[in-house]
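Numbering (the numbering used here), first residue to last: 2 to 281.
We put the beta carbon where it would ideally sit given N, CA and C, even for glycine.
Only a predicted model underlies this, so the values are computations on that prediction, with no experimental measurement involved.
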Ligand code: RIB
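This is how it looks when you write it as structure tokens:
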């Protein structure tokens with residue numbers, strides 16, 4: 002069982018207009034609402050890839066909460082440790098997606114910031130995925146309870162204490178985050194995965210590159226959630242015992258599949274989707 006400790010957001014997505022520069026107004030976009038949040042996206046991605054998944058998270062006691070949790074419930078993610086907090090609002094992400102599928106995201110964390118270390122008390126955690134859209138002390142409390150594989154998606158890039166990094170078997174970053182964290186990611190025996198967008202991804206261990214993979218050819222519709230899918234798929238594959246190169250290839254294909262449909266969670270691939278893309 003994978004326990005995801007992370008964020009739940011409602012994504013308000015404006016797509017089809019060029020991305021604005023600071024101070025600029027653009028018009029002509031279409032509005033859509035999707036369940037999102039890096040934690041929730043990774044929980045659902047792992048479930049669609051065949052894992053049993055539990056989500057430790059916090060939402061507000063408001064109208065947006067059920068809308069944000071709808072696809073997790075439908076996808077069979079265990080929400081018994083997802084807390085509904087009075088006086089907090091459910092997290093919201095304001096997202097702009099360009100006609101080319103690139104995006105800009107502004108997150109209003111709301112209840113995600115109130116997920117406390119005490120919410121981890123008494124939780125049995127085997128494998129874990131943590132994301133930085135919830136407080137670091139909460140992630141640390143969870144990682145210390147985990148008895149299995151611990152993956153941390155260091156997104157968005159924030160200062161992270163070495164004691165949290167020390168708990169991780171796998172750190173997942175994109176290129177920008179890899180530059181921000183630098184050498185602090187390296188440790189003997191620890192995996193570091195760097196996603197490189199349309200260039201695929203690399204897998205490192207103890208400072209040595211052990212695998213790289215290119216994505217299959219796809220038509221990009223929306224890249225929101227692709228990084229989350231990559232992290233969940235790589236964790237899934239490594240837990241399942243796939244060899245390093247195959248695990249990276251599987252994760253890159255899963256991330257690519259997530260780019261072919263609009264919305265973070267509606268676009269998450271099933272296991273069959275990923276296997277079909279790998280065969281194509
Ligand atoms: O990684 C994509 C996610 O980042 C979106 O779903 C949004 O909610 C933000 O958290």
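Query: Within 8 Å, strictly: CB atoms of residue 46 and residue 261; Result: no
Query: Helix, strand or coil at residue 210 [DSSP, three-state]; Result: strand
Query: Per DSSP, cross-strand counterpart(s) of residue 22; Result: Bridge partners of residue 22: none, in fact.
Query: Heavy atom of the ligand RIB within 7 Å of residue 280 beta-carbon; Result: no
Query: Reduced DSSP secondary structure (H/G/I, E/B, other) of residue 61; Result: strand
Query: Where residue 202 sits in the DSSP three-state scheme; Result: strand
Query: For residue 10, the residue or residues it bridges with in DSSP; Result: 37 and 92
Query: Residue 39 Cβ short of 7 Å to the ligand RIB heavy atom set; Result: yes
Query: Whole-angstrom C-beta distance between residue 16 and residue 92, which should lie under 8 Å; Result: Actually they do not touch by this definition, with Cβ atoms about 20 Å apart.
Query: heavy atom of the ligand RIB below 7 Å from residue 94 C-beta; Result: yes
Query: Residue 251, enclosing alpha helix (DSSP H) - first and last residue; Result: 245-259
Query: Neighbourhood of residue 181 by C-beta, 6 Å cutoff - its chain only, sequence neighbours within 5 removed; Result: 158
Query: Rounded C-alpha distance that separates residue 264 from residue 35; Result: 6 Å
Query: Counted within 10 angstroms of its Cβ, other Cβ atoms place residue 196 as buried (16 or more) or exposed; Result: buried
Query: Strand pairing of residue 129, partner residues [DSSP]; Result: 4 and 151
Query: Proximity below 8 Å, CB of residue 240 to CB of residue 128; Result: yes
Query: Residue 55 beta carbon less than 8 Å from that of residue 76; Result: no
Query: For residue 95 and residue 37, the rounded distance between their alpha carbons; Result: 11 Å
Query: Proximity test, residue 33 beta-carbon vs the ligand RIB heavy atom, cut-off 7 Å; Result: no
Query: Alpha-carbon spacing of residue 112 relative to residue 256, whole angstroms; Result: 27 Å
Query: Residue 12 CB to nearest heavy atom of the ligand RIB below 7 Å; Result: yes
Query: Contact check, residue 20 vs residue 99, beta carbons under 8 Å; Result: yes
Query: For residue 44 and residue 1, the rounded distance between their alpha carbons; Result: Limits of the chain in this structure are 2 at one end and 281 at the other, which puts residue 1 out of reach.
Query: Residue span of the beta strand (DSSP E) that contains residue 80, given as start and end; Result: Element bounds for residue 80: n/a, residue is neither H nor E.
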